[in-house]
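Read through the structure below, which is laid out as structure tokens, and then see the notes.
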């Protein structure tokens with residue numbers, strides 16, 4: 267999504283030549299999630315999970331093992347090991363940390 271004016275800079279504080287490469291808008295039970303992939307001249311690799319200012323998104327799933335297998339097969343996604351307390355992390359191709367949490371309590 268590109269605009270001839272600087273509305274993205276004004277709204278999001280991004281470089282004036284930055285643009286939205288892709289976006290997904292999800293809604294479930296009245297809750298909304300927006301995922302945006304930016305492209306711009308000031309991009310750099312995101313912070314590591316323990317760095318100041320880092321953030322992650324957590325998504326709960328009903329079948330943790332099935333989700334793990336699903337993400338293992340997506341090109342560009344890094345999947346980390348299962349936690350014994352019922353979650354695992356992935357890193358998206360653009361660097362977003364996403365925690366996948368099982369809805370079942372660990373046995």
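Residue numbers (my numbering): 267 to 373. Ideal placement from N, C-alpha and C gives every residue a C-beta, glycine not left out. Just so we're clear, the structure is a prediction, and the values are computed from it rather than from any experiment.
Cβ of residue i within 8 Å of Cβ of residue j?
i           : j           : result
residue 301 : residue 316 : no
residue 343 : residue 356 : yes
residue 287 : residue 272 : no
residue 280 : residue 306 : yes
Compare the Cα-Cα distances from residue i to each of the options and report the closest residue.
i           : options               : result
residue 304 : 369, 328 and 284      : 284
residue 361 : 323, 331 and 353      : 323
residue 366 : 292, 296 and 333      : 333
residue 325 : 318, 306 and 299      : 299
residue 331 : 370, 276, 277 and 275 : 370
residue 275 : 335, 329 and 308      : 308
Can you list, in chain order, the residues of its chain whose CB lies under 8 Å from that of residue i, leaving out five sequence neighbours each side?
i           : result
residue 320 : 312, 313, 314 and 363
residue 338 : 345
residue 358 : 342, 343 and 364
Just mark residue i as buried or exposed, buried being the case when its beta carbon has 16 or more other beta carbons within 10 Å.
i           : result
residue 294 : exposed
residue 292 : exposed
Please work out which residues of its chain come closer than 7 Å, Cβ to Cβ, to residue i, disregarding the five sequence neighbours upstream and downstream, and give them in chain order.
i           : result
residue 353 : 365, 366, 367 and 368
residue 335 : none
Exercise for review: Note down, one range per segment and in chain order, each beta strand (DSSP E) of at least 3 residues found wholly within the stretch 282-356.
Suggested key: Entirely contained in the stretch 282-356, the beta strand (DSSP E) runs reaching 3 residues are, in chain order, 285-294, 297-305 and 322-327.
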